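Top line first, the protein sequences correspond to chains A and B.
Each residue of the first sequence is one higher than the one before, starting from 1 at the first, in the numbering used here.
Each residue of the second sequence is one higher than the one before, starting from 316 at the first, in the numbering used here.
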Amino acid sequence: MEMLIGRALQFQSFHSSVDAIFWHQLSSYKVEQQKLDASPVVIHGRFNTYSRSAISIVFGKAPENSSIKECIAEGTLINANTQQEFVEANVKEIRESMGKKLLESIEKDTVAEKPNELIQFLLFSYADIKSYRYHYWCLFPSLKNTSLWIVKGSQPAESVIPSNIISPKILEFWKTSDFTQRSFFIVAKNENGRWLVLPLKELPRCLNNRLDYFIFVVDSFQLQEYPSWPTRNLLAYLSIKFNLEKTRIIMYRDGVNSDSLSRSIYLDLVSQKNQDSSQPLSTVGWERNGKGQLGPRVVNLSSLIDPVLLSESAS
Amino acid sequence: MAQRLTSAFLNWREHITAASKSSNFETTGMITPEEFVLAGDYLVTKFPTWSWECGDRIRGFLPKDKQYLVTRHVLSVPREINIEANGEWVDVETEDSKFKLSGIDDTSSVSSIHSEQSGSLSQERFHGAFGSAKAASNLSDSEGLPLQDEEDDDLQMVPLTVPRNEARRYDLYIVYDKYYRTPRLFLRGWNAGGQLLSMKDIYEDVSGEHAGKTVTMEPFPHYHSHNTMASVHPCKHASVLLKLIKQHCERNEPIRVDQYMVLFLKFVSTMLPYFEIDYTMQA
Chain A
1 MEMLIGRALQ FQSFHSSVDA IFWHQLSSYK VEQQKLDASP VVIHGRFNTY SRSAISIVFG
61 KAPENSSIKE CIAEGTLINA NTQQEFVEAN VKEIRESMGK KLLESIEKDT VAEKPNELIQ
121 FLLFSYADIK SYRYHYWCLF PSLKNTSLWI VKGSQPAESV IPSNIISPKI LEFWKTSDFT
181 QRSFFIVAKN ENGRWLVLPL KELPRCLNNR LDYFIFVVDS FQLQEYPSWP TRNLLAYLSI
241 KFNLEKTRII MYRDGVNSDS LSRSIYLDLV SQKNQDSSQP LSTVGWERNG KGQLGPRVVN
301 LSSLIDPVLL SESAS
Chain B
316 MAQRLTSAFL NWREHITAAS KSSNFETTGM ITPEEFVLAG DYLVTKFPTW SWECGDRIRG
376 FLPKDKQYLV TRHVLSVPRE INIEANGEWV DVETEDSKFK LSGIDDTSSV SSIHSEQSGS
436 LSQERFHGAF GSAKAASNLS DSEGLPLQDE EDDDLQMVPL TVPRNEARRY DLYIVYDKYY
496 RTPRLFLRGW NAGGQLLSMK DIYEDVSGEH AGKTVTMEPF PHYHSHNTMA SVHPCKHASV
556 LLKLIKQHCE RNEPIRVDQY MVLFLKFVST MLPYFEIDYT MQA
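Quick look at the structure:
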């Protein structure tokens, strides 16, 4: 990790995994309920410390009682009615509107109550139902031109906090709070020297009382050196809303079943104005496709359709 | 087509077979639905990456919230393996699939699973990956939409590089097979570009002996939709698991019924030698 020191922190993008089941559910939703109405549909994504920057996209609302092993990002599906609508869509506008939504969550601080508003995402699609071909493009929005964060120090998390005390408390925190609180939380030492796990909304208290604290970000890392997308948006929140010039982050990479922090990494960061910061904030985050381009993908599911079941449903 | 008819027949046969209640896993290698839940609970507790899910088609002999088990984003990494060609499934052993079921904390082998990087990439797999990337581009990602790489100047993002050994990810599902009274594995995979893998692609990740014979496309039983997935046929599961159970008894490390699923995973890992199936046993 030493190689990072003195450099501006960079982030690893998220990869979407969209299961065939998702497309089947979208198809039946479209045929039975949505028809030609193109209003946004609620979807969600699941990731955890083991998912290597990948997020599984799931149709419908996140279940209240979702498994505590998973972090949940809430998303929006916009499904174009025709291929032409899909191809001619103004994808910059879609991107900027998602960025605006993110900025609003930060500025109005709805993030305090619902930290996972920092990881809102969008899936834009066109379902060619008859031929079982689905075109889609995911957007994981982040704000460009926000402060850069320079790595001053980096160490194994276990060298800065006692994992045997913290790990069970994280599990307890995940069990007792709802899923919107799981991706970002605070570990702080209170006035009496006791370690506590606190929701992100307690950040002002930690700052005002000058508590010894760390912000934990659940990191589904793929590359050892870089945190993934959620950390980027958390740091934007800290710069824009709290004007913080330094912060201490833990890239939380152990699972809730783990009783150690052996995979997690501590980062000591100081902010530095981005050279582009005079420019208005803009948004980035469209996922690259299989060719590495900023463009959609297409998946052909005709080979997964079971002819026996198909003939049953046709009869 | 014959295979389709067979699988329809098997579904029907499962339908008319009453779920067995009495336990005799030590003598038959089979488990009841109750034991499936018990063993699944143990797996979910001890192995952080596994969870219960319910799907949208509830099978009544299992609790609503514990219909099948799932783990996502499992990597398949080609590496050198030793296969003893004597036709016995259990003897196919990768360097790091040797783990102790009873010695809860075999950390040395656990760390070797996580730290080992693939050595030389097998020639077959290389062509496979290349071939499927080509196939994907034939499907023509929609014209017109791509942005002129205007996000390229986003210096805060690590440029996308997909190491070849990170190329494939799988979601694995374990369901209960009522006819064979054993767990049954389903799997779905994606290549580095996020494209779903075809059956042909998946065969490259299955040990040669099983590709095309015991691994076939089957309807996934927990969804109403017409949805097929690669699945390992369970006809020999009971006899292989029974053999593993007996081996453990002979070594004086008897298996409890709740540990059955861990044994099943060990068996699965012999068929899927390139998969980094998580064996991290945590207290």
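Glycine is no exception: its CB is placed at the ideal position from the N, C-alpha and C atoms.
Note that the structure is predicted; figures quoted are calculated from it, not measured.
Taking the Cβ atoms as the reference, S271 of chain A lies roughly 7 Å from L148 of chain A, within the contact range of under 8 Å.
By the Cβ rule, the stretch 41-53 of chain A does not count as touching the stretch 84-96 of chain A, because fewer than three pairs are nearer than 8 Å. Here R194 of chain A carries a coil assignment [DSSP, helix/strand/coil].
Residues of the stretch 352-386 of chain B with a C-beta less than 7 Å from any C-beta of chain A: P363, T364 and S366, listed in chain order. Using a CB distance cut-off of 7 Å, E519 of chain B does not count as an interface residue toward chain A. Per DSSP, the unbroken beta strand (DSSP E) holding D486 of chain B starts and ends at R483 to D492. Closest in alpha carbon position to T360 of chain B, among B:L384, B:S584, B:L512 and B:F582, is B:L384. When secondary structure is reduced to three states using DSSP, N300 of chain A falls in the strand class. For the pair of segments examined, the stretch 211-227 of chain A was found not to touch the stretch 133-146 of chain A: the number of CB pairs separated by less than 8 Å stays below three.
For the 7 Å CB-CB criterion, I78 of chain A and F59 of chain A do not form a contact. Among the residues facing chain B, K201 of chain A is not included, as its CB has no counterpart in that chain under 7 Å away. Looking at the DSSP output, S584 of chain B shares a beta bridge with no other residue. Residue-level contact by beta carbon fails for N339 of chain B and chain A, as no gap is shorter than 7 Å. One alpha carbon belongs to S16 of chain A, the other to I166 of chain A, and they sit about 31 Å apart.
Per DSSP, the continuous alpha helix (DSSP H) segment holding H24 of chain A begins and ends at A20 to Y29. Taking all protein chains in view, the Cβ of L207 of chain A is surrounded by fewer than 16 other Cβ atoms within 10 Å, so the residue is classified as exposed. Secondary structure at I517 of chain B: helix, using DSSP grouped into helix, strand and coil. Around N542 of chain B, the beta-carbon contacts reaching into chain A at under 7 Å are A20, I21, H24 and L304. In the same chain as N274 of chain A, and ignoring 5 residues on each side of it, the C-beta atoms closer than 7 Å to its own belong to N145, T146, S147 and L148, in chain order. The beta carbon of H563 of chain B does not come within 7 Å of any beta carbon belonging to chain A, so the residue lies off that interface. In the structure shown, W137 of chain A adopts extended strand secondary structure according to DSSP, grouped into three states. DSSP, read as helix, strand or coil, puts K246 of chain A in strand.
At a C-beta separation below 9 Å, H548 of chain B has no neighbours in chain A, since its nearest C-beta there lies roughly 16 Å away.
In the three-state DSSP reduction, Y50 of chain A falls in the coil class, being neither helix nor strand. The stretch 358-375 of chain B and the stretch 508-520 of chain B do not touch, with fewer than 3 CB-CB distances between them shorter than 8 Å. According to the DSSP assignment, A157 of chain A belongs to no alpha helix (DSSP H), since it is labelled neither H nor E. As the crow flies, the alpha-carbon of E172 of chain A is around 21 Å from that of I265 of chain A. CA-to-CA, the gap between D371 of chain B and K100 of chain A works out to about 35 Å.
For the stretch 197-227 of chain A, residues whose beta-carbon sits nearer than 9 Å to a beta-carbon of chain B comprise S220, Q222, L223, E225 and Y226. DSSP links S17 of chain A through a beta bridge to A:S56.
Listed in chain order, the beta strand (DSSP E) runs fully inside the stretch 198-230 of chain A are 212-218, counting runs of at least 3 residues.
M98 of chain A: not part of any beta strand (DSSP E); member of the alpha helix (DSSP H) spanning V91 to E107, first to last residue. 7 Å or more divides the Cβ of I240 of chain A from the Cβ of V197 of chain A. Chain B places a beta carbon closer than 7 Å to that of R297 of chain A, counting this residue as a contact.
Contact between the stretch 98-112 of chain A and the stretch 57-73 of chain A is absent: fewer than three C-beta pairs spanning the two stretches fall below 8 Å. Contacts with chain A at 7 Å (Cβ-Cβ) include H388 of chain B.
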